[in-house]
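Read through the structure below, which is laid out as structure tokens, and then see the notes.
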Amino acid sequence: MIFPGATLGMLGGGQLGRMFTLRARTMGYRVVIVDPDPLSPAGQVADQHLRAHYDDTGALELLSASCAGVTTEFENVPAAALERLAASTIVRPAAEAVATAQDRIAEKTFLQRAGFAVAPFRPVRTAAELAASLAEVRLPALLKTSRLGYDGKGQETILEAHEAAAAFRRLGGAPCILEERLNLERELSVILARGADGQVAAFPAGENRHRDGILESTTVPARVPQALADEARETAAAVARALKYVGVLGVELFVAEGGRLYVNEIAPRPHNSGHYTLDACSVDQFELQVRTLCGLPLHEPRLLTPVAMVNLLGDLWCGGEPRWGEVFARPGMRLHLYGKSEPRPGRKMGHLTCLAPDADQALALALETRDALAPGG
Numbered sequence: 171m172i173f174p175g176a177t178l179g180m181l182g183g184g185q186l187g188r189m190f191t192l193r194a195r196t197m198g199y200r201v202v203i204v205d206p207d208p209l210s211p212a213g214q215v216a217d218q219h220l221r222a223h224y225d226d227t228g229a230l231e232l233l234s235a236s237c238a239g240v241t242t243e244f245e246n247v248p249a250a251a252l253e254r255l256a257a258s259t260i261v262r263p264a265a266e267a268v269a270t271a272q273d274r275i276a277e278k279t280f281l282q283r284a285g286f287a288v289a290p291f292r293p294v295r296t297a298a299e300l301a302a303s304l305a306e307v308r309l310p311a312l313l314k315t316s317r318l319g320y321d322g323k324g325q326e327t328i329l330e331a332h333e334a335a336a337a338f339r340r341l342g343g344a345p346c347i348l349e350e351r352l353n354l355e356r357e358l359s360v361i362l363a364r365g366a367d368g369q370v371a372a373f374p375a376g377e378n379r380h381r382d383g384i385l386e387s388t389t390v391p392a393r394v395p396q397a398l399a400d401e402a403r404e405t406a407a408a409v410a411r412a413l414k415y416v417g418v419l420g421v422e423l424f425v426a427e428g429g430r431l432y433v434n435e436i437a438p439r440p441h442n443s444g445h446y447t448l449d450a451c452s453v454d455q456f457e458l459q460v461r462t463l464c465g466l467p468l469h470e471p472r473l474l475t476p477v478a479m480v481n482l483l484g485d486l487w488c489g490g491e492p493r494w495g496e497v498f499a500r501p502g503m504r505l506h507l508y509g510k511s512e513p514r515p516g517r518k519m520g521h522l523t524c525l526a527p528d529a530d531q532a533l534a535l536a537l538e539t540r541d542a543l544a545p546g547g
């Protein structure tokens with residue numbers, strides 16, 4: 171076990187790294203961040219910020235020499251960097267698991283071969299594969315880049331077969347998957363932690379709503395039958411076991427086609443939809459990230475109150491500084507800002523959580539407060 175007083179390393183310096191750093195320092199650890207951004211949100215609160223790219227040899231050597239364990243805040247860190255670090259220090263999650271989540275073709279293939287329900291898909295690496303896939307995947311469908319797509323970026327909707335070639339060109343001819351667009355009823359996510367000993371601690375299923383491909387809100391408990399919520403947690407735990415995963419894992423799921431559960435994506439890190447855990451649970455996802463990295467015992471999280479989380483995007487700043495007094499005037503509201511210096515449309519600048527007697531009230535008040543923040547609103 172790695173105990174307080176030790177130094178932990180983090181590859182990535184965004185808001186997830188910031189929240190990990192704040193939790194780890196509260197628990198008594200030092201934290202070193204590697205991130206090329208001099209204004210990194212995590213670098214602002216870390217003990218040391220190495221301003222370097224993730225494959226920088228010198229930075230990796232410093233991290234390995236000074237840290238008892240290293241983790242990551244996002245899946246696009248080069249897997250080779252994680253493998254290099256793992257030769258001399260503890261790295262969780264492992265490079266192999268991160269590499270699987272980095273690539274949609276690898277991810278979907280892994281899930282399908284492991285027996286999990288996924289939307290019908292085919293890999294598309296060439297124009298010829300695209301033509302063949304159109305004969306096998308029912309339209310409408312989504313053409314998604316295999317790597318680096320997030321928050322609705324890197325994907326095109328295909329309604330008619332003749333649209334596909336142009337969409338593939340707009341995506342730069344990069345490797346993609348063509349995936350059937352399911353008849354969605356709900357979008358869920360489950361955040362869990364799995365230790366090196368195989369112990370799993372899972373949060374309750376959250377109900378997610380997206381706008382323009384970006385997560386807008388998460389409501390917990392999810393407003394679905396309890397049996398389905400339990401199935402979502404069991405499915406997420408089974409994914410972690412199949413991946414031999416160690417760390418915090420986000421599993422996104424679709425409820426579609428008459429109440430059937432499909433695995434959509436996996437995220438080898440804490441997840442945006444798990445931010446509610448900071449205010450509404452007996453332990454949050456970032457403490458569990460510290461615990462899994464350090465080999466500490468896991469505790470099953472308890473939901474203390476119904477809650478809703480709403481993202482604050484850079485669009486909110488378009489007319490000037492948001493009206494923060496609206497947050498503090500409403501009972502049960504919590505404000506989290508990420509320390510980003512430049513608000514841009516679609517950029518996640520922070521989030522609100524609302525604690526309330528039931529999930530419907532929590533979501534309604536959170537959305538009302540978000541809307542009231544707009545300057546001049």
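Numbering-wise (the working numbering), the sequence shown opens with residue 171 and increments by one. Backbone N, C-alpha and C fix where the C-beta goes; we use that ideal spot for every residue, glycine too. In this text the structure is predicted, and so the values were computed from the model without any measurement.
Under the three-state reduction of DSSP, CYS488 is assigned to coil, being neither helix nor strand. Remark: C-beta atoms of ALA426 and LEU354 approach each other more closely than 7 Å.
Taking the CA atoms as reference points, PRO290 sits about 6 Å from GLU349. Annotation: SER236 is outside any beta strand (DSSP E); the continuous alpha helix (DSSP H) that includes it extends over 227-236. DSSP, reduced to helix, strand and coil, places VAL240 within a strand of the structure shown. Counting C-beta atoms within 10 angstroms of its own C-beta, ALA216 has 16 or more neighbours from the protein chains shown and is therefore classed as buried. The beta carbons of PRO206 and HIS223 sit closer together than 7 Å.
When the Cα atoms are used, PRO501 and ALA536 turn out to be separated by approximately 11 Å. Between VAL390 and ALA363, the alpha-carbon positions lie close to 18 Å from each other. Contact between PRO438 and VAL268 holds: CB atoms are separated by about 5 Å, below the 8 Å threshold.
Around the beta carbon of GLU306, fewer than 16 other beta carbons sit within 10 angstroms, so the residue counts as exposed.
Counted as a single uninterrupted DSSP element, the stretch harbouring GLN531 is not any beta strand (DSSP E) but the alpha helix (DSSP H) occupying residues 529-542. Residue pairing by DSSP puts ASN481 in a beta bridge opposite HIS521. Note on MET519: 16 or more other CB atoms within 10 angstroms of its CB, so buried under the neighbour-count rule.
Contact between ALA412 and ALA271 is ruled out by a C-beta separation of about 13 Å, above the 8 Å threshold.
Per DSSP, reduced to three states, the secondary structure at LEU507 is strand. Counting along the chain, GLN325 sits inside the beta strand (DSSP E) bounded by residues 325-328. Contact between the segment 234-243 and the segment 455-471 is present: 3 or more CB-CB pairs across the two stretches fall below 8 Å.
For ALA264, there are no CB contacts under 6 Å within the same chain when 5 residues up- and downstream are skipped.
About 12 Å separates the beta carbons of ALA250 and LEU181, which is beyond the 8 Å limit, so they are not a contact pair. Here MET479 is buried, its C-beta having at least 16 other C-beta atoms within 10 Å.
Separation of SER316 and ASP273 (C-alpha to C-alpha, rounded to the nearest whole angstrom) is 5 Å. For GLN185, the enclosing alpha helix (DSSP H) begins and ends at 185-196. DSSP assignment within the segment 243-304 yields the following whole beta strand (DSSP E) runs of 3 residues or more, N-terminal first: 291-294. Remark: C-beta atoms of ALA335 and ILE328 do not approach each other more closely than 7 Å.
Restricting attention to PRO471, ARG351, GLY324, the CA atom closest to the CA of GLU330 is found in ARG351.
Contact annotation: ALA372 and ARG403 have beta-carbon atoms nearer than 7 Å. In this structure, LEU186 places its C-beta atom within 7 Å of the C-beta atom of PRO440. Annotation for GLU357: no alpha helix (DSSP H) segment contains it, though the beta strand (DSSP E) segment containing it runs 354-364.
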